[in-house]
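Peer 1: Sequence order for the protein chains is A and B.
The first sequence maps to residues 1 to 331 in our numbering.
The second sequence maps to residues 332 to 674 in our numbering.
Once you've had a glance at the structure underneath, I'll fire off some questions.
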Amino acid sequence: MSVVSPRASGSTAPPARRRSIAGVRPVHLLVAVATMVVLVVALVWDGEWRVLRVVLTVLAIIVAPAVWDPQRRVIRPATGVMVALILLALIGPLFTRDPLMLNVGESLATPGSDIWFGTDQHGRDIFARVIHGARLDLGVGFSAAALAVIVGMPLGALAVLRGGLFDSVLLRISESFQAFPTLLLALGIVAAVGPSIPILIFIIAIVNVPVYLRLTRSAVAPIVNADFVLAARCAGQRELTILLRHILPNVRQVVLAQFSVNVAWAIQILAALSFVGLGVPVPTPEWGAMVRGGYEQMVYGRWWVALFPGLAILFAVLTLNQLSDRVRHTT
Amino acid sequence: MSAADVPEVSIPDAGDPVAPESGAVPVLDVFDLTVGFGSAAKRAVRRSIPLQGIHLQVGAGERMALVGESGSGKSLTAAAVLGLLPDGAEVIRGSIRLDGEELIGAPERRLRDLRGGRMAIMFQNPRASLNPVLTVGGQIAEVIRVHGDAGRRESWTQAVDLLSEMGIPDAARRAKDYVHQYSGGMAQRAALAMALSCRPDLLIADEPTTGLDATLQQQVLELVVEQVTSRDASLLLITHDIAVARSHCERTTVMYAGRVMESGPTASVTGSPKNPYTSALLKAFGTVDQRRMYAIGGVVPTLIGELGECAFADRCPLAAPECREGVPDLRSVGDRRVACVKA
């Protein structure tokens with residue numbers, strides 16, 4: 001045979017081979033960990049709504065594939081509404097009146113050209129409160145759902161990869177969480193540590209972790225032995241890289257679809273908690289709490305106090321459900 | 332390869348008549364590879380032994396065909412070489428060397444470096460072996476980055492170059508596409524680009540053309556051979572099609588029931604087979620003017636427990652009492668090695 005042996009030509013081979021290291025660069029992990037740390041620290045130590053702004057921005061990036069259609073190069077319509085809603089929540093409050101300002105002289109004013117949504121029994125501007133409430137409700141909804149994804153998704157994938165005892169123990173734990181009534185759990189925790197926004201996010205996230213765990217688990221199971229995973233393994237990729245780069249992106253679509261439904265659900269839960277008095281502390285503008293404050297007024301014909309925050313909840317939840325539908329069908 | 336390297340097992344002839352250049356270390360050297368399924372406690376009684384004493388050598392720059400019917404252990408041999416045996420399977424004995432380096436018992440870290448770096452594989456179904464949610468170019472670039480220190484941009488450029496070398500038109504644009512936008516032939520070209528991206532010494536092609544139509548099969552095979560040759564790499568082509576072996580590989584190894592039956596230059600193995608199984612296989616391959624297709628009588632033996640006789644004895648037209656006295660050794664006969672007492 002006249003062919004030169006590859007060993008003989010070994011000196012011309014790229015020197016890179018010797019130093020071949022990881023697939024995932026440590027930088028990626030560092031960024032992910034740093035993001036989570038920043039998120040958690042900020043959530044716990046929240047002064048002014050800065051955290052929620054960060055969370056929303058990060059999530060806007062995560063949700064980007066649902067927003068932008070690269071094939072047709074357009075913004076997806078259902079998403080447009082969502083983006084508008086998020087923008088409204090982010091910058092809207094800058095242009096409204098003070099949602100906390102009491103004005104007893106103008107209490108329970110009817111909606112009009114001057115005060116669009118009217119005022120409540122303390123004379124606070126309902127329009128301002130609804131807009132400020134958007135920031136809180138969407139913020140809590142998104143961050144709770146995001147926290148649940150961040151914890152639930154890797155756990156679900158790990159359950160499949162490890163299998164055996166690890167899988168069953170994890171599933172039994174998640175089942176016991178799911179079996180526990182959400183409101184009762186919230187009641188217990190709030191009674192123990194007192195109501196605050198980080199605690200509410202934590203509660204809603206914990207309740208949702210099992211949802212993502214099971215979802216990811218069932219989505220990962222059929223592809224964990226797919227040819228392209230084997231091919232990646234044959235190409236010398238590390239298990240962690242295979243999980244992060246090859247398996248989880250294939251699950252992204254289902255998780256994203258679940259995510260937006262979940263945000264809607266989180267908003268409802270938050271509203272429900274506030275309605276029964278377990279939600280945000282009193283003067284804070286929050287949709288559920290506003291409905292609670294307004295429903296007594298309904299009897300006296302002052303429909304606007306509860307109606308507008310109620311409509312806001314409806315609108316946000318509907319938009320998120322639409323978005324979820326979009327994601328499921330187009331990604 | 333000499334018998335002194337592996338003292339536990341003796342090989343009948345130390346002098347290797349099939350080594351392409353005597354003294355040169357073969358790129359791939361599989362020696363007495365035996366793989367079992369099931370726990371060792373059940374050994375010898377209920378344990379399934381899908382590979383029993385496989386000997387296989389692929390020299391530098393050589394193209395070797397691994398031929399055999401379904402279930403003969405061709406793909407399992409490839410999996411063992413890559414160190415990716417399925418769950419429950421384990422190597423009972425034997426050795427696998429890549430460029431003289433022992434792979435059995437090598438740490439996972441080292442194997443990972445070798446996989447995709449010095450040995451690569453392409454599979455039967457190219458569409459399934461590419462990730463549907465990553466761009467084709469991105470996947471190739473990723474493999475390049477794993478095995479080297481090329482940056483993002485550099486690895487992308489290399490990936491695009493590779494794709495265009497493999498005959499993908501407008502590679503710079505197509506590299507950004509996903510697998511579902513590729514045709515079957517293009518996907519297989521991309522899979523080849525990925526396999527060759529790190530200049531492996533050994534390319535294992537596991538029935539690379541099974542899913543393609545006849546004209547494409549020819550094109551893809553020619554491309555594989557051309558690219559492997561131009562890179563001075565060796566090729567282990569797994570196929571059940573003897574015609575493919577005949578037209579593309581200089582040497583052929585015939586497997587049956589987890590054993591090597593015959594191995595040698597393709598022309599002599601397929602031209603004047605010395606093992607009755609090889610002759611039967613060639614006969615079954617048939618010609619157009621045959622009135623009835625020839626089929627080998629009987630069935631493949633079960634692979635439970637180590638078989639103490641020739642695996643083909645039950646179906647062999649030349650079977651004699653001595654065929655059942657023990658597993659026939661892989662002996663040198665002329666220019667090749669044959670596992671048959673009659674040869």
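Just so it is clear, CB atoms sit at the ideal spot from N, CA and C, and this is done for glycine as well.
With DSSP run on the structure shown, which of helix, strand or coil describes A:L311?
Peer 2: Here residue 311 of chain A is taken as the residue at index 311 of the first sequence, counted from 1. Helix.
Peer 1: Chain A partners of B:M624, CB-CB under 7 Å?
Peer 2: Here residue 624 of chain B corresponds to residue number 293 of the second sequence, with the count starting at 1. Within chain A, no residue comes near B:M624; the closest Cβ sits about 32 Å away, beyond 7 Å.
Peer 1: How would you list, in chain order, the residues of chain A whose beta-carbon sits under 8 Å from the beta-carbon of B:A459?
Peer 2: Residue numbering aside, residue 459 of chain B sits at position 128 when the second sequence is read from its first letter. Those within 8 Å of B:A459 in chain A are A226, D227 and F228.
Peer 1: Looking at the C-beta of B:F368, does it have a partner C-beta in chain A at a distance below 9 Å?
Peer 2: Taking the second sequence and counting its residues from 1, one reaches residue 368 of chain B at position 37. Closer than 9 Å: no.
Peer 1: Using the beta-carbon of each residue, which ones in chain A are nearer than 8 Å to B:P463?
Peer 2: Within the second sequence, residue 463 of chain B is the residue found at index 132, counting from 1. Ordered by position in chain A, the residues that pass the 8 Å Cβ test against B:P463 are F228 and N250.
Peer 1: Between the C-alpha atoms of B:R428 and B:A481, what's the straight-line distance to the nearest angstrom?
Peer 2: Counting from one through the second sequence, the residue named residue 428 of chain B turns up at place 97. Counting from one through the second sequence, the residue named residue 481 of chain B turns up at place 150. Approximately 28 Å, taken between the alpha carbons.
Peer 1: Kindly list, in the order they appear in chain B, the residues whose Cβ is closer than 7 Å to that of A:H246.
Peer 2: One-based indexing of the first sequence puts residue 246 of chain A at position 246. Chain B residues near A:H246: N462.
Peer 1: Just verifying my parser: in three-state terms, what is the DSSP assignment at B:H386?
Peer 2: In the second sequence, counting from the first residue as 1, residue 386 of chain B sits at position 55. Looking at B:H386 - three-state DSSP - the assignment turns out to be strand.
Peer 1: Taking Cβ-Cβ distances shorter than 7 Å, what residues in chain B pair up with A:R326?
Peer 2: Residue 326 of chain A sits at position 326 when you count from the first residue of the first sequence. In chain order: nothing, as chain B lies at least about 18 Å away.
Peer 1: Assuming contact is defined by CB atoms lying nearer than 9 Å, are A:I197 and A:V140 in contact in what I supplied?
Peer 2: The count along the first sequence starts at 1 and reaches residue 197 of chain A at position 197. The count along the first sequence starts at 1 and reaches residue 140 of chain A at position 140. Yes. Within cutoff.
Peer 1: Identify every residue that forms a DSSP beta bridge with B:R668.
Peer 2: As a working note, residue 668 of chain B is residue 337 in the second sequence. In DSSP, B:R668 forms a bridge with B:S594 and B:S663.
Peer 1: Quick one: list the residues of chain A neighbouring B:H579, beta-carbon separation under 7 Å, in chain order.
Peer 2: In the second sequence, the residue the question calls residue 579 of chain B occupies position 248. By Cβ distance, chain A contributes nothing, its closest Cβ being about 15 Å from B:H579, past 7 Å.
Peer 1: Under 8 Å Cβ-Cβ, which residues of chain A neighbour B:D413?
Peer 2: In the second sequence, counting from the first residue as 1, residue 413 of chain B sits at position 82. As written in the sequence, residue 413 of chain B is Leu, which differs from the Asp given in the question. Per Cβ cutoff of 8 Å: C234.
Peer 1: Look at A:V263 and A:L138 and say whether their C-beta atoms are less than 9 Å apart.
Peer 2: Residue numbering aside, residue 263 of chain A sits at position 263 when the first sequence is read from its first letter. Residue numbering aside, residue 138 of chain A sits at position 138 when the first sequence is read from its first letter. Going by C-beta atoms, A:V263 is nearer than 9 Å to A:L138.
Peer 1: Within its chain, find whatever has a CB closer than 8 Å to the CB of B:E400; leave out the 5 residues flanking it on each side and keep chain order.
Peer 2: Position 69 of the second sequence, counted from the first residue, corresponds to residue 400 of chain B. H571, Y587, L612 and V631.
Peer 1: In three-state DSSP terms, what is A:D125?
Peer 2: Translated into the one-based positions of the first sequence, residue 125 of chain A becomes position 125. Here A:D125 sits in strand by DSSP.
Peer 1: Taking B:N456 as the reference, give the member of B:G542, B:G402 and B:F643 with the closest Cα.
Peer 2: Position 125 of the second sequence holds residue 456 of chain B. Cα-wise, what sits closest to B:N456 is B:G542.
Peer 1: Listed in chain order, which residues of the segment 266-277 of chain A have Cβ atoms closer than 7 Å to some Cβ of chain B?
Peer 2: Correct list: empty, as no residue qualifies.
Peer 1: Please determine if the segment 298-305 of chain A and the segment 118-125 of chain A are in contact, where contact requires at least 3 C-beta pairs separated by less than 8 Å.
Peer 2: Touching, yes, given that three or more Cβ pairs across the two stretches are closer than 8 Å.
Peer 1: Since B:I452 meets chain A, which of its residues come closer than 7 Å, beta carbon to beta carbon?
Peer 2: The residue labelled residue 452 of chain B in the question sits at position 121 within the second sequence. By Cβ distance, chain A contributes C234.
Peer 1: How many angstroms separate the CA atom of A:S176 from the CA atom of A:A148?
Peer 2: Start at 1 with the first residue of the first sequence, and residue 176 of chain A comes out as number 176. Start at 1 with the first residue of the first sequence, and residue 148 of chain A comes out as number 148. Approximately 16 Å, taken between the alpha carbons.
Peer 1: Alpha carbon to alpha carbon, how far is B:S663 from B:P357?
Peer 2: Stepping through the second sequence from its first residue, residue 663 of chain B is reached at position 332. Stepping through the second sequence from its first residue, residue 357 of chain B is reached at position 26. Rounded to the nearest angstrom, the two C-alpha atoms are 18 Å apart.
Peer 1: Roughly how many angstroms lie between the CA atoms of B:E538 and B:S514, to the nearest whole one?
Peer 2: The count along the second sequence starts at 1 and reaches residue 538 of chain B at position 207. The count along the second sequence starts at 1 and reaches residue 514 of chain B at position 183. About 18 Å.
Peer 1: Can you tell me where the alpha helix (DSSP H) holding B:M525 begins and where it ends?
Peer 2: One-based indexing of the second sequence puts residue 525 of chain B at position 194. Looking at the DSSP string, the run of the alpha helix (DSSP H) that includes B:M525 is G515 to L527.
Peer 1: Which whole-angstrom value is the C-beta distance of B:R667 and B:V600, which I expect to be below 8 Å?
Peer 2: Along the second sequence, one-based indexing puts residue 667 of chain B at 336. Along the second sequence, one-based indexing puts residue 600 of chain B at 269. That belief holds up - the Cβ atoms of B:R667 and B:V600 are roughly 6 Å apart, short of 8 Å.
Peer 1: If you drop the 5 nearest sequence neighbours on each side, which residues of the same chain put their C-beta closer than 6 Å to that of B:V361?
Peer 2: For the purposes of this step, residue 361 of chain B is identified with residue 30 of the second sequence, where counting begins at 1. For B:V361, where only same-chain residues beyond five positions count, the Cβ hits under 6 Å are I385, L387 and I427.
Peer 1: Using the beta-carbon of each residue, which ones in chain A are nearer than 8 Å to B:M525?
Peer 2: Position 194 of the second sequence, counted from the start, is the residue given in the question as residue 525 of chain B. Going along chain A in sequence order, the residues near B:M525 (Cβ under 8 Å) are A231 and A235.
Peer 1: Can you tell me which of A:A221, A:G310 and A:I242 puts its alpha carbon nearest to the alpha carbon of A:L230?
Peer 2: In the first sequence, residue 230 of chain A corresponds to position 230, counting from 1. Comparing Cα-Cα distances from A:L230 to each of A:A221, A:G310 and A:I242, the minimum goes to A:I242.
Peer 1: Return helix, strand or coil for A:Y295, following the three-state DSSP convention.
Peer 2: Residue 295 of chain A sits at position 295 when you count from the first residue of the first sequence. Note: A:Y295 maps to helix in three-state DSSP.
Peer 1: Give the range of the beta strand (DSSP E) segment to which B:G404 is assigned.
Peer 2: Here residue 404 of chain B refers to the residue found at position 73 of the second sequence. Run containing B:G404: none; DSSP gives neither H nor E here.
Peer 1: Taking the straight line between their C-alpha atoms, what separation do you get for B:D444 and A:G236?
Peer 2: The residue you call residue 444 of chain B lines up with position 113 of the second sequence. The residue you call residue 236 of chain A lines up with position 236 of the first sequence. If you take the alpha carbons of B:D444 and A:G236, they lie about 6 Å apart.
Peer 1: Give a yes or no on whether 9 Å exceeds the smallest Cβ distance from A:H28 to chain B.
Peer 2: Reading the first sequence from its first residue, position 28 is the one you call residue 28 of chain A. Confidence at A:H28 is low in this model, with a pLDDT of 48, below 50, so the placement of that residue should be treated as unreliable; the coordinate-derived value is given next. Not one chain B Cβ lies under 9 Å of A:H28.
Peer 1: Going along chain A in order, which residues have a C-beta closer than 7 Å to the C-beta of B:N456?
Peer 2: For the purposes of this step, residue 456 of chain B is identified with residue 125 of the second sequence, where counting begins at 1. Correct list: D227.
Peer 1: What residue from B:R394, B:G369, B:L382 and B:R378 has the CA that sits closest to B:D532's CA?
Peer 2: Here residue 532 of chain B refers to the residue found at position 201 of the second sequence. Closest option to B:D532, Cα to Cα, is B:R394.
Peer 1: Please state if the CB of A:R124 and the CB of A:M101 are separated by a distance shorter than 9 Å.
Peer 2: On the first sequence, residue 101 of chain A is found 101 positions in, with the first residue counted as 1. On the first sequence, residue 124 of chain A is found 124 positions in, with the first residue counted as 1. For A:M101 and A:R124, yes; Cβs fall inside 9 Å.
Peer 1: Measuring straight from C-alpha to C-alpha, what distance separates B:R590 and B:C580?
Peer 2: Within the second sequence, the letter at position 259 stands for residue 590 of chain B. Within the second sequence, the letter at position 249 stands for residue 580 of chain B. Distance between the alpha carbons of B:R590 and B:C580: 20 Å.
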